[in-house]
Structure formats: structure tokens, C-alpha cells
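Presented below is the structure to which this report refers.
Protein chains: 2
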Amino acid sequence: MSESSSGYDPGASSLAGQVQPEVMAELLSVRSSIDNIDATLVYLLAERFKATQRVGILKAEHQLPAGDPDREAAQITRLRALAEEANLDPAFAEKFLNFIISEVIRHHQALSENRRLPEGPGGS
Amino acid sequence: MSESSSGYDPGASSLAGQVQPEVMAELLSVRSSIDNIDATLVYLLAERFKATQRVGILKAEHQLPAGDPDREAAQITRLRALAEEANLDPAFAEKFLNFIISEVIRHHQALSENRRLPEGPGGS
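Chains as they are written, first to last, in the UniProt record's numbering: chain S, 1 to 124; chain C, 1 to 124.
As C-alpha cells, then:
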């Protein structure tokens with residue numbers, strides 16, 4: 001498979017030429033599903049950060065703390081239960097949520113610090 | 001808001017009672033969207049792991065290495081470009097993919113080791 005106009009090569013693989021063609025064909029077929037899922041994940045994560053950015057602005061406007069431990073505990077319990085239903089490792093779901101939350105808190109802190117910074121001589 | 005039958009309280013917050021009701025209402029509204037997105041992410045990640053498990057089985061069956069550096073480099077470049085389109089921090093998208101890939105490689109190694117283990121006296 002050759003590169004698309006975006007420069008992405010769906011057939012890129014360090015295994016190219018070392019695998020039977022039918023095995024490679026099956027690998028590429030599954031990988032094309034993974035690529036579709038990954039694009040969906042990126043757009044969904046972008047939407048999630050839009051929502052958490054709205055939360056961050058609310059928190060900064062009302063001088064609320066960046067983290068909310070009771071909310072985070074409830075989210076973790078819920079996601080672990082959802083993961084079990086979806087047949088996903090609940091420990092991974094929890095690690096995943098913590099990964100996202102730590103990024104969100106970093107954004108909230110940055111938002112809050114930006115609002116607290118004194119304006120410089122040319123500040124607008 | 002009270003707990004649902006699943007035990008999940010969408011109103012759980014360490015801020016409860018310390019925030020003006022209209023601010024809390026807006027916060028809970030955005031959080032309800034975040035909860036919907038998170039459920040979608042869990043089911044999507046479950047689907048992604050189903051696909052990578054299929055890849056893992058193929059790799060184990062054909063004694064292929066767990067990681068594929070050329071594939072991973074192509075995925076990272078593509079996801080960074082998608083992230084820019086989606087207005088998501090490309091550095092975060094890359095961190096996210098690495099987080100997922102390291103979990104996938106862990107699964108692949110476990111699969112491959114399980115296949116290599118000699119069967120015990122009661123092995124089936």
C-alpha cells in the first residue's frame with residue numbers, strides 16, 4: 001500500500017517483507033479498523049477537552065479549586081463498572097481516567113494561573 | 001441529585017454547598033456531557049483492545065515481535081495531524097497513543113509468553 005495524500009501510509013510496518021502475504025493482509029485489515037477507532041478517539045477526546053475547558057473557565061471565574069476529589073472518586077467507580085460491562089480491564093480504565101484527569105487538572109491550573117497573573121505594561 | 005440505581009451519583013462533588021446554585025447547575029450540566037463522552041470512550045477502547053488482541057494472536061501465532069516501530073511512527077504522525085484538525089494538543093495526542101500502545105505491547109508480550117510456557121501436568 002502506498003502513502004495517501006496526507007502522507008500517511010496505512011501499510012507502514014517494520015515487518016514488511018518478513019511475513020506471509022495472507023498474514024500481512026489480515027494484519028493490515030485489523031490495523032485499518034484500529035486507525036478508524038483512533039481517529040474517533042482523537043475527535044472524542046477533543047470534544048471532552050472542550051467540555052473540561054468550560055469547567056476550567058467556570059472554576060477559574062469562581063475561584064474554585066482545580067481538582068474535585070469526590071467527583072473524581074465517583075467517576076472512577078463508574079468507569080470501572082462500565083469497563084466491566086464492556087469487557088475492558090477495569091484497572092486499565094482507571095489508569096486511563098487518571099491519565100486524562102491529570103492532563104485536565106494541568107489545563108485548569110494553567111487557566112487559573114493565567115487569570116491571576118498581573119498584567120504587564122502592555123497587557124490587554 | 002441522588003444516586004442512581006447503579007450507585008453512581010452524577011452530582012458527587014467536593015464543592016457541593018460551597019458554590020452558588022446556578023454555577024453548580026452549569027457545572028453539573030457540563031459534567032453530564034463529560035460522563036456521556038467517558039462511557040463512549042470506554043466502549044471504544046474496549047473495541048480497540050478487541051482489535052489489538054486479534055493482532056496479538058496473529059503475532060503470537062506467527063512468532064512476530066510484539067512491537068512494530070515503523071507502524072508506531074506512522075500512527076504517531078497521523079494522530080498528531082488529526083489532533084491538529086480536531087483542535088486537540090498534538091503533544092497530548094502523542095502521549096495518549098504511547099499510553100495505549102504501551103498497554104497493548106504489555107498484552108502482546110503476555111499473550112506470547114503464555115503461548116511459550118510449557119504446559120503443566122494438568123495443562124489443557
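Note that beta-carbon positions come from the ideal geometry of N, C-alpha and C, so glycine has one too.
Would residue i pass as a contact of residue j if the rule is Cβ separation under 7 Å?
{"i": "S/GLU94", "j": "S/ILE105", "result": "no"}
{"i": "S/ALA81", "j": "C/ASP9", "result": "no"}
{"i": "C/GLU30", "j": "S/HIS62", "result": "Reading off the sequence, residue 30 of chain C comes out as Val, not Glu. Not closer than 7 Å, so no."}
According to DSSP, is residue i part of a helix, a strand, or is it coil?
{"i": "C/GLN75", "result": "helix"}
{"i": "S/ALA16", "result": "coil"}
{"i": "C/ASN87", "result": "coil"}
{"i": "residue 183 of chain C", "result": "This structure gives no information on residue 183 of chain C, because the portion of chain C shown stretches from 1 to 124."}
{"i": "S/PRO21", "result": "helix"}
{"i": "S/SER6", "result": "coil"}
{"i": "S/GLY56", "result": "helix"}
If we ignore side chains and look at the alpha-carbon of each, how far apart do residue i and residue j end up?
{"i": "S/SER112", "j": "C/LEU15", "result": "17 Å"}
{"i": "C/SER102", "j": "C/HIS108", "result": "10 Å"}
{"i": "C/GLU85", "j": "C/GLU72", "result": "20 Å"}
{"i": "S/PRO21", "j": "C/THR52", "result": "19 Å"}
{"i": "S/ASN98", "j": "S/ALA25", "result": "36 Å"}
{"i": "C/ALA12", "j": "C/ARG115", "result": "45 Å"}
{"i": "C/SER32", "j": "C/VAL42", "result": "15 Å"}
{"i": "C/GLY7", "j": "S/GLY7", "result": "48 Å"}
{"i": "C/PRO90", "j": "C/ILE100", "result": "15 Å"}
{"i": "S/ASN87", "j": "C/ARG78", "result": "28 Å"}
At a cut of 8 Å, does the segment 33 to 52 of chain S reach the segment 28 to 48 of chain C through at least three beta carbon pairs?
yes
Contacting positions in the segment 97 to 112 of chain S - beta carbon closer than 8 Å to chain C
LEU97, PHE99, GLU103
Can you find at least 3 beta carbon pairs, one from the segment 49 to 68 of chain C and one from the segment 56 to 63 of chain S, that sit closer than 8 Å?
no
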